[in-house]
Amino acid sequence: MHFTINGQSFDVEPDIRTSLLDLLREHVGLTGTKKGCDHGQCGACTVLVNGRRINSCLTLAVMHQDDEVTTIEGLGTPDDLHPLQAAFVRHDGFQCGYCTPGQICSAVGMLDEAAKGWPSHVSESLDDGALTDEEIRERMSGNLCRCSAYPNIVDAIREVADGARDERRVGEEAAA
Amino acid sequence: MKSFDYARADSAEAAVADGGSEGTKFIAGGTNLLDLMKLQVETPARLIDISRLDLASVEATEAGGLSIGALVPNADLAAHEVVRRDYPVLSRALLAGASGQLRNKASTGGNLLQRTRCYYFYDTTSACNKRAPGSGCAAIGGFNRIMAVLGTSDQCIATHPSDMAVAMAALEATVVTLKADGDRRRIALADFHRLPGDTPHIETVLEPGELITHVELPPAPKGRQVYRKVRDRASYAFALVSIAGIVAVEDGRIASAALAFGGLAHKPWRDPAVEAALVGHTPGDAAFAVAADALLADARGFGSNDFKIPLARRTLIATLRELTA
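Residue numbers (my numbering), protein chains in the order written: chain A, 196 to 371; chain B, 2 to 326.
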């Protein structure tokens, strides 16, 4: 089977039952993605497939041979952190750190969904995707943190969301 | 997980030609099927991967409604601009279900076919007529907080867990299928899921190998649309009671009403008597109480889910107030 993960090609022959999560951790050595519940309830295994966040524990590796998979290792490096990684450090958005790769991959996908104007359960109007703290909490409800670092996780995500919005506004003003 | 053979289907026709044999299952998003396979509640001998079939678009129908491909992810359907504008009850129901990650993966067809979250169905050491026909029902007389109060049988008191299907029931959607012999079939959503009766392991009217290809919505209904969900957590939890309501008021009277209920039964629940109690009447708590009486006339609790009966009553009245305010 052939896989593209973080822009790199991998050829491996895992058992047909192998989840995408186990492929990453056990077959290609990318252990940044974590196994929590292994049943799609905790979000620790969240990765991006073709830019969309999914639970890698609840999908078969064999079904993703034609996809672009991005894990926490593909977002940033210790010397060049992704803005969300930097914000999680700055805001202390973790304690033990086990849920953090999933939180960050999920937040990347979530910010993209919000930028597309997708509403959420708590959106007052279905046409309004403004990212209030309540919106961030609802949209991140698929990621649990047993250390309960939630307030700082929301702070970190809000900072990056506000920064991206400000950048877009500067870009639009420059264009105008 | 038990091992299985895997094949990717190149076309819907090839999938159904191959899909009817014993122990064969289709897999699309896989979020429920793989969960159950890990627990060996599901043990298919063969999986046919339909996830790459060309069934992922949403298109207008000639009748003025909407045709939703079976592989449209729940997230995309909730965000689709026509769904948001014309069928907001469907957007709201989808957004009330699962998590962002799951909605990105879960398909429209798979959502309709998801299995119950009854604890005893999931626990392979418990009796369960749905998982192991004839073994009994551990939920009756067990801990049954999340179980059904309408349409139950002495074999099974499980609920259908979908939010999306409840909205589609109120919208009077039609499930379009392709059968193993190549024929197409159109099934009203109200007739798609079965009550448990003596065969709770048979949950829909689909035949072996029959594939859902689309769900069709009729033209946008008149009136206001609301989806209200009551659950144990504010997010990412199944419904204890949910209601999809579409009500039009004209000249001070209820002109039309479509109400479907989740969390109460083995299928999205609709009862013409509830709607008949409302149509032609002046909106208000008097009419709403009659509708609630009609809904719950035959309701039966099993101990720890007794609370659902008064909860359904209050939720219906609150939803009707919102729909007619």
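Glycine is no exception: its CB is placed at the ideal position from the N, C-alpha and C atoms.
Out of the options, point me to the one whose CA is closest to residue i's CA.
i, options, result
"B/Pro1", "B/Lys26, B/Leu54, B/Ala57, B/Arg53", "Past the boundaries of the shown model lies residue 1 of chain B; chain B is included only from 2 to 326, so the question cannot be answered."
"B/Gly210", "B/Ala181, B/Lys230, B/His194", "B/Ala181"
"A/Asn201", "A/Pro278, A/Phe283, A/Trp313, A/Thr266", "A/Thr266"
"A/Ile352", "A/Ala281, A/Arg364, A/Arg363, A/Glu362", "A/Ala281"
"A/Thr141", "A/Glu333, A/His286, A/Tyr293, A/Ser315", "What is shown of chain A runs 196 to 371, which leaves residue 141 of chain A out entirely."
"A/Ile211", "B/Gly20, B/Gly21, B/Phe5", "B/Phe5"
"B/Asp199", "B/Ser136, B/Thr117, B/Ile318, B/Asp184", "B/Ser136"
"A/Glu222", "A/Cys291, A/Ser204, A/His286", "Note on residue identity: the sequence assigns His, not Glu, to residue 222 of chain A. Per the Cα distances, A/Ser204."
"A/Cys291", "A/Leu243, A/Glu367, A/Asp350, A/Ala344", "A/Ala344"
"A/Phe283", "A/Asp275, A/Gln298, A/Asp274, A/Cys237", "A/Gln298"
"B/Lys3", "B/Lys131, B/Val42, B/Leu56, B/Arg186", "B/Val42"
"B/Gly66", "B/Glu173, B/Asp50, B/Thr160, B/Val150", "B/Glu173"
"B/Arg9", "B/Asp36, B/Ala171, B/Leu54", "B/Leu54"
"A/Gly312", "B/Ala76, B/Ala97, B/Gly21, B/Val216", "B/Ala76"
"B/Arg315", "B/Thr283, B/Lys268, B/Pro284, B/Ile244", "B/Ile244"
"B/Pro269", "B/Thr153, B/Ile51, B/His161", "B/His161"
"A/Gly288", "A/Ala371, A/Val349, A/Ala369, A/Gly238", "A/Val349"
"B/Ala171", "B/Ala64, B/Arg186, B/Pro273, B/Ala97", "B/Pro273"
"B/Gly285", "B/Val250, B/Arg225, B/Asp19", "B/Val250"
"B/Ala295", "B/His202, B/Ala64, B/Ala313, B/Tyr7", "B/Ala313"
"B/His282", "B/Ser154, B/Ile141, B/Asp252, B/Phe308", "B/Asp252"
Would you kindly work out how many angstroms separate the C-alpha atoms of residue i and residue j, rounded to a whole number?
i, j, result
"B/Ala94", "B/Ala139", "30 Å"
"A/Ala310", "A/Val303", "11 Å"
"B/His194", "A/Glu329", "36 Å"
"B/Glu208", "B/Tyr120", "27 Å"
"B/Lys223", "B/Ala293", "23 Å"
"B/Pro197", "B/Pro134", "12 Å"
"B/Cys129", "B/Cys157", "8 Å"
"B/Ala287", "B/Ala278", "10 Å"
"A/Asp217", "A/Asp233", "10 Å"
"B/Met169", "B/Arg271", "11 Å"
"B/Ala99", "A/Asp357", "26 Å"
"A/Val139", "B/Ala298", "Since the first residue shown for chain A is 196 and the last is 371, residue 139 of chain A is missing from the structure and cannot be characterised."
"B/Ile147", "B/Asn105", "26 Å"
"B/Ala189", "B/Ala266", "18 Å"
"A/Ser336", "B/Tyr237", "6 Å"
"B/Arg322", "B/Ser305", "28 Å"
"B/Glu23", "A/Glu362", "57 Å"
"A/Asn338", "A/Lys230", "12 Å"
"A/Asp274", "A/Val355", "19 Å"
"A/Asn347", "B/Val177", "47 Å"
"B/Ala61", "B/Pro219", "10 Å"
"B/Gly21", "A/Leu326", "47 Å"
"B/Ser12", "B/Ile51", "8 Å"
"B/Arg229", "A/Leu225", "42 Å"
"B/Arg187", "A/Arg220", "44 Å"
"B/Val291", "B/Glu276", "10 Å"
"A/His197", "A/Met258", "11 Å"
"A/Cys237", "B/Ala221", "37 Å"
"A/Glu367", "B/Ser92", "31 Å"
"B/Ala15", "B/Phe239", "35 Å"
If contacts are defined as beta-carbon pairs under 8 Å, then residue i and residue j qualify, I think. What distance do you get, rounded to the angstrom?
i, j, result
"A/Arg341", "A/Ser301", "That belief does not hold up - the Cβ atoms of A/Arg341 and A/Ser301 are roughly 16 Å apart, past 8 Å."
"B/Gln115", "B/Ser163", "6 Å"
"B/Thr109", "B/Ile69", "5 Å"
"B/Ala261", "B/Val167", "5 Å"
"B/Met165", "B/Asn112", "5 Å"
"B/Phe122", "B/Lys131", "5 Å"
"B/Ile318", "B/Phe289", "5 Å"
"B/Pro1", "B/Ala107", "In the structure as shown, chain B begins at 2 and stops at 326. Residue 1 of chain B is therefore absent and cannot be evaluated."
"A/Ala359", "A/Leu306", "7 Å"
Find out if the Cβ-Cβ distance for the pair residue i, residue j is shorter than 8 Å.
i, j, result
"B/Val227", "B/Thr325", "no"
"A/Ala256", "A/Pro296", "no"
"A/Gly235", "A/Leu253", "yes"
"B/Val248", "B/Ala258", "yes"
"B/Leu212", "B/Val90", "no"
"B/Thr125", "B/Leu40", "yes"
"A/Glu263", "A/Thr213", "no"
"B/Arg232", "B/Leu241", "yes"
"B/Thr214", "B/Ala71", "yes"
"B/Asp184", "B/Val206", "no"
"A/Ser315", "A/Arg285", "no"
"B/Gly302", "B/Val150", "yes"
"B/Pro201", "B/Ala256", "no"
*Counting pairs of beta carbons, one from the stretch 305–324 of chain A and one from the stretch 75–91 of chain B, are three or more of them closer than 8 Å?*
Short answer: they touch.
*Within the chosen definition, does the stretch 248–260 of chain A reach the stretch 32–46 of chain B through at least 3 CB pairs nearer than 8 Å?*
Touching, yes, given that three or more Cβ pairs across the two stretches are closer than 8 Å.
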